[in-house]
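These notes are about the structure you will find just below.
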Amino acid sequence: MAKIQMKTPLVEMDGDEMTRVLWKWIKELLIEPYVELKTEYYDLGLKHRDETGDQVTVDSANAARKYGVAVKCATITPNAQRVEEYGLKEMWKSPNGTIRTILDGTVFRAPILVKGVHPTVRTWKKPITIARHAYGDIYRNAEISVPGAGTAELVFTGEDGQEIRRKVCDFKGPGVLQAIHNLDGSISSFARSCFQYALSAKQDLWFSTKDTISKTYDHHFKDLFAEIYEKEYRQAFEEAGITYFYTLIDDAVARVVRSEGGFIWACKNYDGDVMSDMLATAFGSMAMMTSVLVSPHGQFEYEAAHGTVTRHYYRYLQGEETSTNPVAMIFAWSGALRKRGELDGLPELMEFADRLEKSTLDTINGGVMTKDLALLWDGEAKTVNSREFLETVKGKLN
Ligand code: NAP
Ligand code: MG
Numbered sequence: 010m011a012k013i014q015m016k017t018p019l020v021e022m023d024g025d026e027m028t029r030v031l032w033k034w035i036k037e038l039l040i041e042p043y044v045e046l047k048t049e050y051y052d053l054g055l056k057h058r059d060e061t062g063d064q065v066t067v068d069s070a071n072a073a074r075k076y077g078v079a080v081k082c083a084t085i086t087p088n089a090q091r092v093e094e095y096g097l098k099e100m101w102k103s104p105n106g107t108i109r110t111i112l113d114g115t116v117f118r119a120p121i122l123v124k125g126v127h128p129t130v131r132t133w134k135k136p137i138t139i140a141r142h143a144y145g146d147i148y149r150n151a152e153i154s155v156p157g158a159g160t161a162e163l164v165f166t167g168e169d170g171q172e173i174r175r176k177v178c179d180f181k182g183p184g185v186l187q188a189i190h191n192l193d194g195s196i197s198s199f200a201r202s203c204f205q206y207a208l209s210a211k212q213d214l215w216f217s218t219k220d221t222i223s224k225t226y227d228h229h230f231k232d233l234f235a236e237i238y239e240k241e242y243r244q245a246f247e248e249a250g251i252t253y254f255y256t257l258i259d260d261a262v263a264r265v266v267r268s269e270g271g272f273i274w275a276c277k278n279y280d281g282d283v284m285s286d287m288l289a290t291a292f293g294s295m296a297m298m299t300s301v302l303v304s305p306h307g308q309f310e311y312e313a314a315h316g317t318v319t320r321h322y323y324r325y326l327q328g329e330e331t332s333t334n335p336v337a338m339i340f341a342w343s344g345a346l347r348k349r350g351e352l353d354g355l356p357e358l359m360e361f362a363d364r365l366e367k368s369t370l371d372t373i374n375g376g377v378m379t380k381d382l383a384l385l386w387d388g389e390a391k392t393v394n395s396r397e398f399l400e401t402v403k404g405k406l407n
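Rendered as structure tokens:
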């Protein structure tokens with residue numbers, strides 16, 4: 010059988026630990042036998058990031074800007090323990106943070122539903138998509154570990170020399186201090202991506218922040234969304250029969266739990282980080298959540314929402330079999346290939362992506378799955394290890 014040809018390379022961002030192992034297997038078993046895979050490869054494994062002074066992360070993000078579609082493996086965000094474990098030169102920043110800053114935009118995360126796994130929340134009938142702003146706030150903060158008594162101030166110096174000052178705190182002793190920021194350009198493109206996505210999905214859009222407490226910062230997000238909605242989207246929303254509605258984040262959480270699902274929930278960067286893990290788990294498993302970063306300039310980066318699954322990796326290193334779920338990673342590849350096919354006018358590639366996803370879902374719906382799903386499965390399930398799972402999917406694909 011002739012392999013499907015590609016035109017433009019995908020930007021391939023390799024990663025760490027268990028997901029790096031699965032990455033290789035997915036390519037070897039499910040993609041390379043069928044597609045003449047063209048990628049521009051960047052190794053974002055922690056060791057190589059350290060060797061390049063993290064330049065490889067920046068280069069990979071710039072390649073994503075150039076080519077338009079990237080697929081990323083999960084990567085370690087180093088903490089003190091990782092610095093020691095890998096003997097790092099520095100505690101490098103989160104690669105996702107770096108990539109999102111370069112691409113800007115919004116991360117959309119949606120659960121992959123299968124018939125034998127019921128959401129923990131009984132009322133949920135349809136998927137809930139989280140739209141997470143991907144720039145700024147605590148991910149681009151400036152922090153100080155305050156050594157002792159003193160005064161902290163927030164100072165803005167305008168290009169014209171104008172100065173704005175706010176007292177933050179009179180420290181009587183040691184403490185901590187942090188400043189965060191965001192940009193009107195980024196918030197506006199976040200808003201537009203959400204309105205656009207809601208229109209294309211024909212689903213209501215919710216947006217929530219904490220504007221009652223953060224009367225300037227969060228309130229500004231609320232105002233920009235409202236302004237853009239009124240000026241650019243109200244009419245289209247009314248015609249599509251969908252609604253936009255704003256509410257406080259705590260009210261939103263309560264409403265989400267009482268809802269039937271089937272809408273898009275726009276969240277600020279940190280809220281989206283936390284809520285997407287909560288939703289993924291409540292819908293089944295972190296490994297059943299797709300994630301795509303959509304930049305306002307029309308670039309797409311596909312990944313899985315989960316991390317590098319460290320606990321499984323340490324078992325794998327000891328020669329044990331692991332039943333790590335590769336579904337979200339398979340969907341990252343299929344999403345990226347489909348988008349590449351769409352942009353390059355390659356219907357065969359798009360169709361392959363559909364078949365790959367269908368084979369994956371058919372495998373699970375047929376009762377073959379990894380341990381995380383088997384624990385939730387309603388009915389008779391056959392638990393397999395990661396490699397066996399991929400081979401079963403391959404069997405269906407053939
Ligand atoms: P994690 O890798 O998502 O894993 C947390 C736990 O969730 C696992 O131990 C496992 O539970 C379960 N799990 C997650 N994905 C799974 C899968 N595909 N199949 C089966 N079970 C799965 O999160 P973490 O342990 O907090 O973080 C590990 C590393 O990943 C950290 O270094 C972090 O910096 C990095 N990280 C990267 C990204 C990213 O690149 N997008 C995102 C988050 C975290 P059991 O052990 O109970 O089976
Ligand atoms: Mg997270």
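In this text, residue positions in the sequence shown follow our numbering: the first is 10, and each later residue adds one. All C-beta atoms in this analysis are idealised placements derived from N, C-alpha and C, irrespective of residue type, glycine included.
Please tell me whether, using a cut-off of 8 angstroms, the distance from the CB of residue i to the nearest non-hydrogen atom of the ligand PLP is below it.
{"i": "residue 56", "result": "The ligand PLP is not part of the structure shown, which contains the ligand NAP and the ligand MG as its ligands."}
Would you say residue i touches the ligand NAP, meaning its beta carbon is less than 8 angstroms from a heavy atom?
{"i": "residue 3", "result": "Residue 3 is absent from the structure shown; the chain starts at 10 and stops at 407."}
{"i": "residue 33", "result": "no"}
{"i": "residue 284", "result": "no"}
{"i": "residue 380", "result": "yes"}
{"i": "residue 318", "result": "yes"}
{"i": "residue 353", "result": "no"}
{"i": "residue 24", "result": "yes"}
{"i": "residue 198", "result": "no"}
{"i": "residue 91", "result": "yes"}
{"i": "residue 357", "result": "no"}
{"i": "residue 3", "result": "The structure shown does not extend to residue 3, since the chain is modelled only from 10 through 407, so no value can be given for it."}
{"i": "residue 81", "result": "yes"}
{"i": "residue 295", "result": "yes"}
{"i": "residue 394", "result": "no"}
{"i": "residue 105", "result": "yes"}
{"i": "residue 334", "result": "yes"}
{"i": "residue 312", "result": "yes"}
{"i": "residue 291", "result": "no"}
{"i": "residue 337", "result": "yes"}
{"i": "residue 315", "result": "yes"}
{"i": "residue 142", "result": "no"}
{"i": "residue 306", "result": "no"}
{"i": "residue 127", "result": "no"}
{"i": "residue 321", "result": "yes"}
Mind checking which residues open and close the alpha helix (DSSP H) that includes residue i?
{"i": "residue 110", "result": "104 to 112"}
{"i": "residue 204", "result": "193 to 210"}
{"i": "residue 218", "result": "Run containing residue 218: none in the alpha helix (DSSP H); it sits in the beta strand (DSSP E), 214 to 218."}
{"i": "residue 326", "result": "319 to 326"}
{"i": "residue 73", "result": "64 to 76"}
{"i": "residue 266", "result": "258 to 267"}
{"i": "residue 50", "result": "Counting along the chain, residue 50 falls outside any alpha helix (DSSP H), though it belongs to the beta strand (DSSP E) covering 48 to 52."}
For residue i versus residue j, is the C-beta distance shorter than 9 angstroms?
{"i": "residue 228", "j": "residue 83", "result": "no"}
{"i": "residue 73", "j": "residue 108", "result": "yes"}
{"i": "residue 80", "j": "residue 345", "result": "yes"}
{"i": "residue 200", "j": "residue 258", "result": "no"}
{"i": "residue 147", "j": "residue 185", "result": "no"}
{"i": "residue 20", "j": "residue 41", "result": "no"}
{"i": "residue 297", "j": "residue 31", "result": "no"}
{"i": "residue 183", "j": "residue 155", "result": "yes"}
{"i": "residue 355", "j": "residue 39", "result": "no"}
{"i": "residue 217", "j": "residue 280", "result": "yes"}
{"i": "residue 45", "j": "residue 10", "result": "no"}
{"i": "residue 88", "j": "residue 144", "result": "no"}
{"i": "residue 132", "j": "residue 262", "result": "no"}
{"i": "residue 34", "j": "residue 406", "result": "no"}
{"i": "residue 78", "j": "residue 206", "result": "no"}
{"i": "residue 174", "j": "residue 106", "result": "no"}
{"i": "residue 305", "j": "residue 198", "result": "yes"}
{"i": "residue 23", "j": "residue 85", "result": "no"}
On the DSSP letters alone, give me the boundaries of the beta strand (DSSP E) that residue i sits inside.
{"i": "residue 226", "result": "Element bounds for residue 226: not the beta strand (DSSP E) but the alpha helix (DSSP H), 226 to 237."}
{"i": "residue 118", "result": "115 to 120"}
{"i": "residue 241", "result": "It is not in any beta strand (DSSP E) - residue 241 carries neither H nor E in the DSSP assignment."}
{"i": "residue 133", "result": "Neither: residue 133 is in no beta strand (DSSP E) and is coded neither H nor E."}
{"i": "residue 299", "result": "298 to 303"}
{"i": "residue 176", "result": "172 to 180"}
{"i": "residue 188", "result": "184 to 188"}
{"i": "residue 23", "result": "19 to 23"}
{"i": "residue 313", "result": "309 to 313"}
The region 136 to 146 / the region 111 to 122 touching (three or more Cβ pairs under 8 angstroms): yes
Three CB pairs or more closer than 8 angstroms across the region 244 to 256 and the region 161 to 181: no
Does the count of Cβ pairs from the region 288 to 300 and the region 310 to 327 closer than 8 angstroms reach three? yes
Do three or more CB pairs link the region 373 to 383 to the region 299 to 313 at distances below 8 angstroms? no
Any chance the region 320 to 334 sits against the region 381 to 399, with 3 or more Cβ pairs inside 8 angstroms? yes
Check whether the region 59 to 70 touches the region 94 to 110, taking contact to mean three or more Cβ pairs, one atom from each stretch, closer than 8 angstroms. yes
Which parts of the region 344 to 390 are runs of the beta strand (DSSP E), unbroken and 3 residues or longer, counting only runs that do not cross its ends? none
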